[in-house]
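Numbering (the numbering used here), first residue to last: 373 to 619.
Right, dumping it as structure tokens:
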């Protein structure tokens, strides 16, 4: 959904709420990480560039691989139509991890320390993105098997699941991570804890409070593709958290 739509000569400007949230997050992330001195101030811009590319490239690519591969095979050029939306947070995670690995290797920075700093700020972005989902009227709806919500279905036409996710993945996750951050016991603790809690919150909302996109639907009973992809993420990052803790 566009905020406004202006055409002037050969120029057409139609920013979306979702795009605006992206801008806000990158600004907040840049200012907070720069203030924390995660890396030397001369390298902050490079880190920002690596993260930016990882997000943009893999958020789109992740959707292609996990959610709509057959369609993109038949129309390859549609891969580059990023303005059409349809992004995947699973791909986003892969892109950011690759970006941090490349940056850490090039500038001889401890990867786990860097990951802790980057992920401790991410809930701000998640809050903004979920608000963007809501303003764009995305991911709204009931879970048809949720008896409590179905009682009120006659007078409430949708459940605002993006706002619930904004609270869980944004506010609550931010508070938890930053409380743990003050008493961090090992490098990589914040990053792995972020990934475990994020996927748990997402599974909870997708199972009980949200129906999947109409072109994806459910795979089995209450399990959507997003839920199915999130379950191994919880297991893997919980294992990773325990492994780092024992070092």
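Heads up, the beta-carbon is just placed ideally off N, CA and C, and yes, glycines get one too.
Please read all numbers here as calculations on a predicted model, not as lab measurements.
Burial state of residue i (16 or more Cβ within 10 Å)
{"i": "residue 611", "result": "exposed"}
{"i": "residue 482", "result": "exposed"}
{"i": "residue 399", "result": "exposed"}
{"i": "residue 604", "result": "exposed"}
{"i": "residue 494", "result": "buried"}
{"i": "residue 607", "result": "exposed"}
{"i": "residue 618", "result": "exposed"}
{"i": "residue 566", "result": "buried"}
{"i": "residue 591", "result": "exposed"}
{"i": "residue 460", "result": "buried"}
{"i": "residue 522", "result": "Confidence at residue 522 is low in this model, with a pLDDT of 49, below 50, so its placement is unreliable and no value can be given for it."}
{"i": "residue 505", "result": "buried"}
{"i": "residue 488", "result": "buried"}
{"i": "residue 593", "result": "exposed"}
{"i": "residue 502", "result": "buried"}
{"i": "residue 445", "result": "exposed"}
Span of the beta strand (DSSP E) around residue i
{"i": "residue 548", "result": "Run containing residue 548: none in the beta strand (DSSP E); it sits in the alpha helix (DSSP H), 545-554."}
{"i": "residue 592", "result": "590-592"}
Rounded Cβ spacing between residue i and residue j (contact assumed at less than 8 Å)
{"i": "residue 540", "j": "residue 573", "result": "4 Å"}
{"i": "residue 471", "j": "residue 426", "result": "3 Å"}
{"i": "residue 575", "j": "residue 599", "result": "5 Å"}
{"i": "residue 491", "j": "residue 538", "result": "Actually they are not in contact, since the Cβ atoms of residue 491 and residue 538 sit about 18 Å apart, beyond 8 Å."}
{"i": "residue 558", "j": "residue 616", "result": "6 Å"}
Residue i: first and last residue of the uninterrupted alpha helix (DSSP H) it sits in
{"i": "residue 577", "result": "561-580"}
{"i": "residue 537", "result": "533-537"}
{"i": "residue 617", "result": "597-618"}
{"i": "residue 447", "result": "Residue 447 -> no alpha helix (DSSP H), and no H or E assigned at all."}
{"i": "residue 495", "result": "494-507"}
{"i": "residue 470", "result": "461-479"}
{"i": "residue 489", "result": "483-491"}
Any C-beta of chain C under 9 Å from that of residue i
{"i": "residue 509", "result": "Judged by its chain identifiers, the structure shown contains no chain C, having just a single protein chain."}
Task: At least three beta-carbon pairs within less than 8 Å, the segment 461-469 to the segment 416-430 - done: The segment 461-469 is in contact with the segment 416-430.
Open item on the list: With three or more C-beta pairs closer than 8 Å as the rule, is the segment 547-562 touching the segment 498-513?
Closed with: As far as the Cβ criterion goes, the segment 498-513 does not touch the segment 547-562, which means the pair count is below three.
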